[in-house]
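Residues in the sequence shown are numbered from 0 upward in steps of one, following numbering that gives the first Met the number 0. Here a beta-carbon is modelled for each residue, glycine too, at the ideal position from N, C-alpha and C. Everything numeric in this text was worked out from a predicted model, so none of it was measured. Here is the structure we will look at.
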Amino acid sequence: MVAPPLSVSSPAGWFVTLYPGAGEVGGSFRCSVPVQRYAGGGDPDRSRKEAARRAARMVRRYCAHNRLNRLGTLTYRGAGCHDPMQLRRDVAEFFRSLRELLGGEPLPYVWVPEWHKTDHGQHVHFAVGRFVPRSLIERAWGHGFVHIKLLGQLSAGSTPRDEARVAARYLSKYVHKAFDVRRIPGLHRYEVAQGFQPETLRLHGRSLDDVLAQAVALMGGEPADLWTSDETLGWEGPPSVWAAWS
């Protein structure tokens, strides 16, 4: 059952969001009258950690939906780049140039800036969803050096979506680190190509089995991974579920 917009009169039950392209579903049980919750409960550190987890989830879904399973790092020659605005101009030009070199077709991507441990400014970690010759990446970048990272932690029979999730875990490390430094107003902690956001379907059911059955029917099979909050000792939130398909 497609979920109605949540309001004071919404029925109690399980409300989950399915991301078909990303192969993921997640949600929780809600009472008929929503309980007002405040992220972090007024604790800045807790709020920051929760914001980082939300950002990591969005990166994972974007990568999985677009099968972004090719990783690279862009660095600057010389003294590096210490100007975040200049970095963004350079990276925007890099992806414009790369897209042109690849024939002009739309190119989904995600990138995350990171400050060097040394005094060399920032570099960029990125993911795309197709093989790109190193020579083209170097030509499009033009500001220094290119490093191509091979994916590890892959099991036999891994699908492109599985590979994309591994790539997302790698990028999410740097997303989390970005929340440990003060954000410059107007600048995001990560960037994605527009027009490639995952499709979402809101589902509602009276029971957990009900919403999972709906998700399984829409995905055409059982999930490869399933988690429910009753598996977590000391869980403090509402009953929750998450599942993923390969």
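- Note down, in chain order, each residue of its chain lying with its Cβ closer than 7 angstroms to the Cβ of P10, except the 5 sequence neighbours on either side. S31
- Query: Helix or strand or just coil, what does DSSP make of A21?
  - Reply: coil
- Query: To the nearest angstrom, how far is it from the Cα of T16 to the Cα of D209?
  - Reply: 14 angstroms
- Under the rule that 16 or more other beta-carbon atoms within 10 Å means buried, what is H124, buried or exposed? buried
- V111 to G151 span [Cα, whole Å]: 19 angstroms
- Task: State the beta-bridge partners of I147 as determined by DSSP.
- Result: G71
- Within its chain, find whatever has a CB closer than 7 angstroms to the CB of S127; leave out the 5 residues flanking it on each side and keep chain order. Reading off the sequence shown, one finds Val at residue 127, where the question assumed Ser. Answer for V127: L67, R69, L106 and Y108, listed in chain order.
- Message: Using 8 angstroms as the cut-off, can you tell me whether the region 136-149 makes contact with the region 40-55, which would need three or more C-beta pairs spanning the two stretches below that distance?
- Response: no
- Query: Along the chain, which unbroken stretches of the beta strand (DSSP E) at least 3 residues long are found entirely within the region 128-174?
  - Reply: 143-148
- Member of C80, F14 and E23 whose CA lies at the smallest distance from the CA of R29: F14
- Query: Would the beta-carbon of T204 fall within 8 angstroms of that of G12?
  - Reply: Looking at the sequence itself, residue 204 is Gly, so the reference to Thr does not match. Yes; because the gap between Cβ atoms is below 8 angstroms, this pair is in contact.
- Per DSSP, which residues does E190 bridge with? Please list them. W110
- Tell me where the beta strand (DSSP E) around R76 begins and ends. That residue, R76, is in no beta strand (DSSP E); it is neither H nor E in DSSP.
- Kindly indicate which residue of G233, S206, D224 and A212 has the alpha-carbon position closest to the one of S27. S206
- Item | Beta-bridge pairing of A13 - partner residues as DSSP gives them | According to the sequence displayed, residue 13 carries Trp and not Ala. BP columns for W13 point to F28 and G204.
- Bridge partners of V210, per DSSP? Answer is none; V210 lacks a bridge partner.
- Spatial neighbours of W241 within its chain, please: CB distance less than 6 angstroms, with the 5 preceding and 5 following residues excluded, ordered by chain position. G25 and W226
- Task: Could you check the C-alpha separation between K176 and Y189 for me, to the nearest Å?
- Result: 11 angstroms
- Separation of H187 from P83, as counted between CA atoms: 11 angstroms
- Query: Using a Cβ-Cβ cut-off of 7 angstroms (strictly less than) and excluding sequence neighbours within five positions of A163, which residues of its own chain qualify?
  - Reply: C62, A63, R66, L67 and N68
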